[in-house]
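Terminal number for the sequence shown in this note's numbering: 397, no gaps in between. The C-beta atom is built at its ideal place from N, Cα and C for all residues, glycine as well. What follows is one structure encoded as C-alpha cells, with my remarks underneath.
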Amino acid sequence: MKDKNVNHLHVIAFDMPFPPNYGGSTDMYFKLVELQKFGINVTLHVFLYDGKTAAPELNEVTYKTIYYSRKRNKNPLIGKLPYIVKTRKNKELFQNLLTDNAPILFEGLHTTYYMNHPKLQHRIRVVRAHNVEHHYYAALNEAEDHWLKKIFFKIEAKKLKEYEHVLQHADGIAGISPSETKYFNATYGKTQYIPAFHSNNDVVCRIGSGDFVLYHGNLSVPENNRAALFLAEEVFPKLNFPCIISGSNPSAKLIKAVSKYNHISLKANISTSEILELIESAHVNAMITFQSTGIKLKLLNSLYRGRFVVANYAMVDQTQLEELCAISDSAEGIVSEINQCFKRDFSIEHQADRKRVLIDLFDNSSNALKLAKMLKLMP
C-alpha cells in the first residue's frame, strides 16, 4: 500500500460513486480513476442511503474508502440549512478529516457542512460544483407534479441560495460546465472550468446508418420523465421510424403515452451495457432537457458512442458541443431535424469532427491534472 502522506487527498462524495450509472456518480468515479494515475492517494468518504451498500471496487481506485450513514430522518422543511447539507453532517467524518493536513475536495455543495470550520481553515479546500444547486432545485420544482415534493423543492432552492455563500471560504471552485463556471466566478471568483469526467476513452461512433431513434435517461428523475413525455406525445408520433425510450422506473403516465403507438417502444430497467448498445446502434439519439443545469453525461455518451444527435438548446447551451448536434426547440423543428438525419449516413468525416472537439475538451487526464493543480498536489 502506498504511503498516504505522499500526495494525499480527502474526497467527500455526496453519493456512492460506484457503479457510475448516472451523471454525478460517473463524474466522481472517473475522477478517482484519473487522480490515482497521478499517484494521488485518496481517502474517500462516502454517504450511503437509499439501500446502497459498500462497493469493493472503490478500493481499487482509492487509498481507503470510509462509509457513513446519511441521516435521512430529519424534517426536510425545518431549519435554515438545506436538507441535502444537514443530512450529511457527521462527527465521525469530521474527526477523520482532522487526522492529517491533506487537501479536501468537497463533491457538491451537499458535502460542505464542515468546510468553514475553524479547524479546517488552514487546509486547501476545493468544491466540485456539480450544479448551481438553487437553480437545479428550482427546476426540479417546475418539473414535479406531486404537491408535497414541489413544496420541498421550492423551499430547498431558497435555502440553497442563501447557504451557497459558504463557497466564499473555499480556496477554489471546480465548475462542471462553462455557464456555471461563469456564474460561480462572477459571484465568488477563484473558479476554474474542469469538464465532467466520463467513461469514454475514444470516439467509437459507428459509420453508416441505424434504423431507430433513441431517448435514454433515468426516468425516475422528474426532468427526464418530462423530456420523455414530450418526445412520446409531441415528437415521436410524427415520425415514421421506430422510436425507443429507455431508462429506469418509467412513470405510469409515460407507459400509457408510449402504449398508444405501435412504432414507439419502452425498454425499462435494462443494463448499462444494453443501453450503450442502443446508443451505438441508433441512427439518431434525441437529447432533450428542460433543465439547463450542469453538463448532461448522457449527451457526452451519445456524442462519443452514437451517430447523429438531435438536441434542444437547453441540452447544449454553453457546453461547447453545439456544433456537433442538430438543434431545435420546437416539436416540429425536432421532427424535421430527425427526418433530415435519416436522409444520410453517419460518415468518417462526422466521426472526425467528434474527435476534434471531444478529445480536446473532455480528455480525462488533462482535466485531472488541472484539478490536481487546484488542490496544490501537482506543480
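Span of the beta strand (DSSP E) around residue i
i      : result
HIS234 : 231–234
GLN309 : Taken as a continuous stretch (DSSP letters only), GLN309 belongs to no beta strand (DSSP E), as it is neither H nor E.
VAL328 : 326–329
GLY190 : 190–193
Cross-strand partners of residue i (DSSP beta bridge)
i      : result
LEU62  : VAL29, THR83
SER264 : HIS234, LYS285
ARG143 : ILE122
PHE364 : GLY226
VAL239 : Note: VAL239 sits in no beta bridge, so no partner.
Test item: CB-CB of residue i and residue j under 8 Å
i      : j      : result
TYR86  : GLU110 : yes
GLY265 : ALA250 : no
ARG372 : LEU321 : yes
ARG323 : CYS223 : yes
LEU50  : VAL221 : no
ILE297 : LEU232 : yes
ASP45  : ILE194 : yes
LEU62  : VAL29  : yes
LEU393 : VAL144 : yes
THR307 : ALA332 : yes
GLN113 : ILE225 : no
LEU115 : LYS177 : no
LYS316 : HIS234 : yes
Contacting residues, own chain, Cβ-Cβ under 7 Å from residue i (five flanking each side not counted)
i      : result
PHE171 : TYR155, LEU158, ASN159, GLU162
ARG88  : PHE65, LEU66, TYR67, THR105, ARG106
ALA73  : MET34, PHE36
ARG90  : TYR67, THR105
PHE48  : PRO38, PHE215, HIS216, SER217, ASN382
SER238 : SER266, ASN267
LEU76  : PRO35, PHE36, LEU62, THR83
Closest by C-alpha distance to residue i, when choosing among the options
i      : options                        : result
ASN357 : LYS167, PHE254, PRO74, THR199  : PHE254
ASN385 : VAL239, HIS216, ILE96, ILE352  : HIS216
HIS183 : TYR206, ALA275, GLY42, TRP165  : TYR206
GLN338 : ALA31, ALA390, PRO213, LEU116  : PRO213
PRO121 : LEU138, PHE112, SER195         : LEU138
ASP378 : ASN219, LEU166, SER227, ASN77  : ASN219
ASP229 : GLU174, LEU257, HIS152         : LEU257
PHE259 : LYS271, TYR279, LEU247         : TYR279
ASN149 : SER348, MET133, GLY41, GLU75   : GLY41
THR129 : HIS140, TYR181, GLY97          : TYR181
PHE248 : LEU342, SER277, LEU315, SER348 : SER348
ASP118 : ALA175, VAL60, PHE202          : VAL60
LEU123 : ILE142, GLU174, HIS135         : ILE142
ILE263 : SER299, PHE364, ALA304, LEU166 : ALA304
TYR132 : SER283, LEU185, ILE366, LEU284 : LEU185
Unbroken alpha helix (DSSP H) run spanning residue i, endpoints
i      : result
GLU162 : That residue, GLU162, is in no alpha helix (DSSP H); it is neither H nor E in DSSP.
GLN210 : Where GLN210 is concerned, there is no enclosing alpha helix (DSSP H), although the beta strand (DSSP E) it sits in stretches over 209–211.
GLU355 : 349–359
MET34  : No alpha helix (DSSP H) contains MET34, which DSSP labels as neither H nor E.
LEU115 : 109–115
GLN54  : 41–55
ILE293 : 290–299
PRO196 : 196–206
ASN280 : Looking at the DSSP string, ASN280 is not in any alpha helix (DSSP H), and its letter there is neither H nor E.
ARG323 : 315–323
Sequence-distant residues of its chain with Cβ nearer than 6 Å to residue i (five each side left out)
i      : result
CYS359 : VAL302, PHE326
PRO94  : TYR101, PHE170
SER197 : GLN336
GLN309 : ALA157, GLU241
GLU292 : none
ALA344 : VAL328, GLU355
GLU151 : LEU127, LEU178
ALA245 : ILE306, THR307
THR199 : GLY193, THR209, TYR211
Same chain, Cβ closer than 8 Å to residue i, five either side skipped, listed in chain order
i      : result
MET19  : Confidence is the limiting factor: at MET19 the pLDDT is only 42, short of 50, which leaves the residue's position unreliable, though a coordinate-based value still follows. So the list reads TYR81, once near-sequence residues are dropped.
ALA390 : LEU53, PHE56, ILE58, MET396
VAL353 : VAL253, LYS256, LEU257
GLY69  : none
LYS92  : TYR101, LYS104, THR105
Short CB-CB distance (under 8 Å) between residue i and chain C
i      : result
GLU355 : Of the protein chains in the structure, only one exists, and it is not chain C.
Cβ-heavy atom distance, residue i to the ligand ZN, below 7 Å
i      : result
LYS177 : As presented, the structure is devoid of all ligands, the ligand ZN included, so that no description of it is given.
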